[in-house]
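J.: In mature numbering (1 follows the signal peptide of the UniProt record, and there is no 0), the protein residues as written are -31 to -1, 1 to 410.
Think of the CB as a built atom: it goes at the ideal place given N, C-alpha and C, for glycine as much as any other residue.
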Amino acid sequence: MTNASRGRLAAWTLAALLSACVNPPSTPVGAQTQPAPLLVATDAPAAPTAAAAPAAPAAARAAVTPRGPERTFVAPDPIPFEASVERAGSQLLADAQAQVGDEARTVVIDPLIDANTGAQTVSTVRMGEKLQALLKQGHPGWTLKPLTRATLESRPLLLIGTLTPVTVERSIDKQPDAFRVWLTMIDLRTQRVVAKQLDRATVASVDPEPLRYFRDSPSWHRDKTVAGYINSCQVNTRIGDAADPDYLQRLPGAAVLNEAMLAYNDGKVPEANKLYKEARGLTDPGDLRLLNGLYLTSWQLGHRDEAKEAFSHLVDSGLEARRLPVKLLFKPGTVLFNDIGDLGTQYQMWLGAIADEAGKAPVCVRVTGHTSRTGSASANERLSLRRAEAIAQALTTRNRSLGARLKVAGAGSREALVGLGTDDQRDALDRRVEFKVVDCV
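#1: So Lys165 is in the alpha helix (DSSP H); what residue range does that whole segment cover?
#2: With DSSP as the reference, label Lys300 as helix, strand or coil.
#3: At which residues does the alpha helix (DSSP H) containing Phe280 begin and terminate?
#4: Could you please give me the residues that DSSP links to Gly130 through a beta bridge?
#5: State the DSSP-derived secondary structure class of Lys237, mapped to helix, strand or coil.
#6: Assuming the contact rule is C-beta atoms closer than 8 Å, Val69 and Pro125 should be a hit. Round their C-beta distance to whole Å, please.
#7: Per DSSP, Cys333 is paired with what?
#8: Alpha carbon to alpha carbon, what distance is there between Tyr182 and Asn234?
#9: Which partner residues of Val91 appear in the DSSP bridge assignment?
#10: Please determine whether the Cβ atom of Leu152 lies at a distance below 7 Å from any heavy atom of the ligand GDP.
#11: Which same chain residues, not among the five before or five after Ala241, have their C-beta less than 6 Å away from its C-beta?
#12: To the nearest angstrom, how far is the alpha carbon of Pro254 from that of Asp46?
#13: Alpha carbon to alpha carbon, what distance is there between Glu358 and Ser338?
#14: Compare the Cα-Cα distances from Asp146 to each of Arg161, Val162 and Arg169 and report the closest residue.
#15: So, do the segment 187 to 199 and the segment 264 to 284 have three or more beta carbon pairs nearer to each other than 8 Å?
#16: Just mark Leu305 as buried or exposed, buried being the case when its beta carbon has 16 or more other beta carbons within 10 Å.
#17: When the Cβ atoms of the segment 55 to 64 are set against those of the segment 94 to 108, are three or more pairs found closer than 8 Å?
#18: What residues in its chain sit with their C-beta under 7 Å from that of Glu384, if we drop five residues either side in the sequence?
#19: If you drop the 5 nearest sequence neighbours on each side, which residues of the same chain put their C-beta closer than 7 Å to that of Pro294?
#20: Is the segment 218 to 227 touching the segment 110 to 126, taking contact as three or more C-beta pairs under 8 Å?
#21: In terms of residues, what are the limits of the alpha helix (DSSP H) holding Pro49?
#22: Got a sec, what are the start and stop residues for the alpha helix (DSSP H) Thr112 sits in?
#23: What are the start and end residues of the alpha helix (DSSP H) that includes Thr75?
#24: Report back the beta-carbon spacing between Leu364 and Leu371 to the nearest angstrom; my notes put them in contact at under 8 Å.
#25: Mind checking whether Asp399 and Val407 have CB atoms under 8 Å apart?
#26: Evaluate Cys409 with the Cβ neighbour count: other Cβ atoms within 10 Å of its Cβ, from every protein chain shown; 16 or more gives buried, anything less gives exposed.
#27: Where does Ala119 fall in DSSP's three states?
#28: Bridge partners for Lys376 per DSSP, in chain order?
#29: Contact between the segment 267 to 279 and the segment 214 to 223: three or more CB pairs below 8 Å?
#30: By alpha-carbon positions, which one of Ala348, Gly236 and Gln160 ends up nearest to Thr206?
#31: Rounded to the nearest angstrom, how far is the Cβ of Leu257 from that of Gly222, given a contact under 8 Å?
#32: Just tell me which of Thr131, Arg249 and Tyr264 has its CA closest to the CA of Ile199.
#33: Please look up how many angstroms separate the CB atoms of Ala290 and Leu152, rounded, as I've assumed it's under 8 Å.
#34: Taking DSSP's pairing of strands, which residues face Ile292 in a bridge?
#35: Just the C-alpha distance for Gln362 and Leu259, rounded to the nearest angstrom, thanks.
#36: What residues are listed by DSSP as bridge partners for Ala147?
Right, here's the structure in full:
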């Protein structure tokens, strides 16, 4: 590990300690004197009771079942995506306005994501557009503005959300049978959650294909920044709780990264590269959205040395976090790399950087292959192991000192992040290879 890497690690550790010393205000939003009810989310259908109220119409919100000091948000049966977002969004906005009152406010949407992968998808974008329309139609006193550093200075209302494939039976062996919708509103004046809603959409009505930036990125984005977003959005926070401090302190950097990703998705690569470089002073050195963006834009602009440097930092960051997932895609049923475009050339550079950085660190690494849910479980287990062995061999060829420090494993499709079994861009992350730092024994 380089001296610069050690410096970055020390800086992160100090930042984490300082964040842990921050105590949120004791009084929840709206001067509530009673503790906010605990939100316990479940994808299982609600059990009928003898005193059950008449069935709610399709447009009803997610059921909120009182249970002593807690209340359980029970996700309703899945309905088509557009109707699900409208149902959850309308209630979220009404609940939020009941909390903050009729004062004119600015509302900002931090782009919604898939909670399994951290990616923005075709449907998360559509979900954001639907929420914008609901806000404009039903809340004329609120002004919608984009996520920028300037709008954050006014301490607006912040809307976040996730759209995630789930199985009602919570089985790792089955393909998703619904998409879970979580929506949350945070008042940045108090840094507290003022409203939450839970819903579900049918699988067939959701398009989980990632946007261009996330599709092209060599690694995925479930890092500390994205984890803070998800913690604030989902069941880990209650109404009245403080939002995740790691997420809030990274919002200015997220605003610049959002601008950069929009530019990249629009094909404005030079502009995106400039914005990613600007974001370096506002984000953690190991922020994967930053490092992936610097790599992609540098590579596409022909700046090979800058691209290699960005990827090496990405590997270094993954090793420090003890986990580095990389999208090394193979031809179906083989251990041969996908050779579309210049992927083969990029993969060779990636493997060289991984071999170099892993060789510098006094650690052992487990190389784990993964597959999509297509095919039988036993075949996927064998194929994923063969792919891990092929990667380990390629790394050892580049750095023989790694030989005794590499271990291999095949996970098959047991740890699928998307799980749709489509074998295309929508579930590309299911065919990843992960490098995990493990104890040397």
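T.: In short:
#1: If you number the sequence shown from 1, residue 165 lands on position 196. Where Lys165 is concerned, there is no enclosing alpha helix (DSSP H), although the beta strand (DSSP E) it sits in stretches over Arg161 to Ala170.
#2: For the purposes of this step, residue 300 is identified with residue 331 of the sequence shown, where counting begins at 1. DSSP places Lys300 in coil when its eight states are reduced to three.
#3: As a position in the sequence shown, residue 280 is number 311, starting the count at 1. Phe280 -> alpha helix (DSSP H) spans Arg273 to Glu289.
#4: The residue given as residue 130 occupies position 161 in the sequence shown. Bridge partners of Gly130: Leu152.
#5: Here residue 237 is taken as the residue at index 268 of the sequence shown, counted from 1. Here Lys237 sits in coil by DSSP.
#6: Locating residue 69 in the sequence shown gives position 100, counting from the first residue. Locating residue 125 in the sequence shown gives position 156, counting from the first residue. Incorrect: roughly 11 Å between the Cβ atoms, too far for contact.
#7: Locating residue 333 in the sequence shown gives position 364, counting from the first residue. Answer by DSSP bridge pairing, in chain order: Val407.
#8: For the purposes of this step, residue 234 is taken as residue 265 along the sequence shown, with counting starting at 1. For the purposes of this step, residue 182 is taken as residue 213 along the sequence shown, with counting starting at 1. The straight-line gap from Cα to Cα measures roughly 6 Å.
#9: Here residue 91 is taken as the residue at index 122 of the sequence shown, counted from 1. Bridge partners of Val91: none, in fact.
#10: As presented, the structure is devoid of all ligands, the ligand GDP included, so that no description of it is given.
#11: In the sequence shown, the residue the question calls residue 241 occupies position 272. For Ala241, where only same-chain residues beyond five positions count, the Cβ hits under 6 Å are Ala229, Ala232, Tyr233 and Thr266.
#12: Here residue 254 corresponds to residue number 285 of the sequence shown, with the count starting at 1. Here residue 46 corresponds to residue number 77 of the sequence shown, with the count starting at 1. Looking at the two C-alpha atoms, the distance is approximately 42 Å.
#13: Walking along the sequence shown from the start, residue 338 turns up at place 369. Walking along the sequence shown from the start, residue 358 turns up at place 389. Note on residue identity: the sequence assigns Gly, not Ser, to residue 338. The straight-line gap from Cα to Cα measures roughly 8 Å.
#14: The sequence position of residue 146 within the sequence shown is 177, counting from 1. Among Arg161, Val162 and Arg169, the Cα nearest to that of Asp146 is on Arg169.
#15: yes
#16: As a first step, residue 305 must be located in the sequence shown, where it is residue number 336. Leu305 should be labelled exposed.
#17: yes
#18: Reading the sequence shown from its first residue, position 415 is the one you call residue 384. So the qualifying residues of the chain are His339.
#19: Here residue 294 corresponds to residue number 325 of the sequence shown, with the count starting at 1. For Pro294, where only same-chain residues beyond five positions count, the Cβ hits under 7 Å are Ser188, Trp189, Arg401 and Glu403.
#20: yes
#21: The residue you call residue 49 lines up with position 80 of the sequence shown. Note, Pro49: premise wrong, no alpha helix (DSSP H); not H, not E.
#22: Counting from 1 along the sequence shown, the entry for residue 112 is found at position 143. From DSSP, Thr112 is part of no alpha helix (DSSP H) but of the beta strand (DSSP E) over Trp111 to Lys114.
#23: Taking the sequence shown and counting its residues from 1, the one referred to as residue 75 is at position 106. That residue, Thr75, is in no alpha helix (DSSP H); its beta strand (DSSP E) goes Arg74 to Ile78.
#24: As a position in the sequence shown, residue 364 is number 395, starting the count at 1. As a position in the sequence shown, residue 371 is number 402, starting the count at 1. Between Leu371 and Leu364 the Cβ distance is about 5 Å, and since that is below 8 Å, they are a contact.
#25: Along the sequence shown, read from residue 1 onward, the residue named residue 399 stands at position 430. Along the sequence shown, read from residue 1 onward, the residue named residue 407 stands at position 438. Going by C-beta atoms, Asp399 is not nearer than 8 Å to Val407.
#26: Looking up residue 409 in the sequence shown gives position 440. Exposed.
#27: Reading the sequence shown from its first residue, position 150 is the one you call residue 119. Helix, per DSSP.
#28: Mapped onto the sequence shown, residue 376 falls at position 407. According to DSSP, Lys376 bridges with Arg335.
#29: no
#30: Here the question's residue 206 lines up with position 237 in the sequence shown. Comparing Cα positions, the closest option is Gln160.
#31: The count along the sequence shown starts at 1 and reaches residue 257 at position 288. The count along the sequence shown starts at 1 and reaches residue 222 at position 253. Rounded, the Cβ-Cβ distance is 12 Å, inconsistent with contact.
#32: By one-based count along the sequence shown, residue 199 stands at place 230. Checked all of Thr131, Arg249 and Tyr264; the closest Cα to Ile199 is Thr131.
#33: Locating residue 290 in the sequence shown gives position 321, where the first residue counts as 1. Locating residue 152 in the sequence shown gives position 183, where the first residue counts as 1. Wrong, their Cβ atoms sit about 29 Å apart, outside the cutoff.
#34: In the sequence shown, counting from the first residue as 1, residue 292 sits at position 323. The amino acid occupying residue 292 in the given sequence is Arg; Ile does not appear at that position. Paired residue(s): Lys405.
#35: Residue numbering aside, residue 362 sits at position 393 when the sequence shown is read from its first letter. Residue numbering aside, residue 259 sits at position 290 when the sequence shown is read from its first letter. Whole-angstrom Cα-Cα distance: 30 Å.
#36: Taking the sequence shown and counting its residues from 1, one reaches residue 147 at position 178. In the DSSP output, where bridge partners are listed per residue, Ala147 has Val135.
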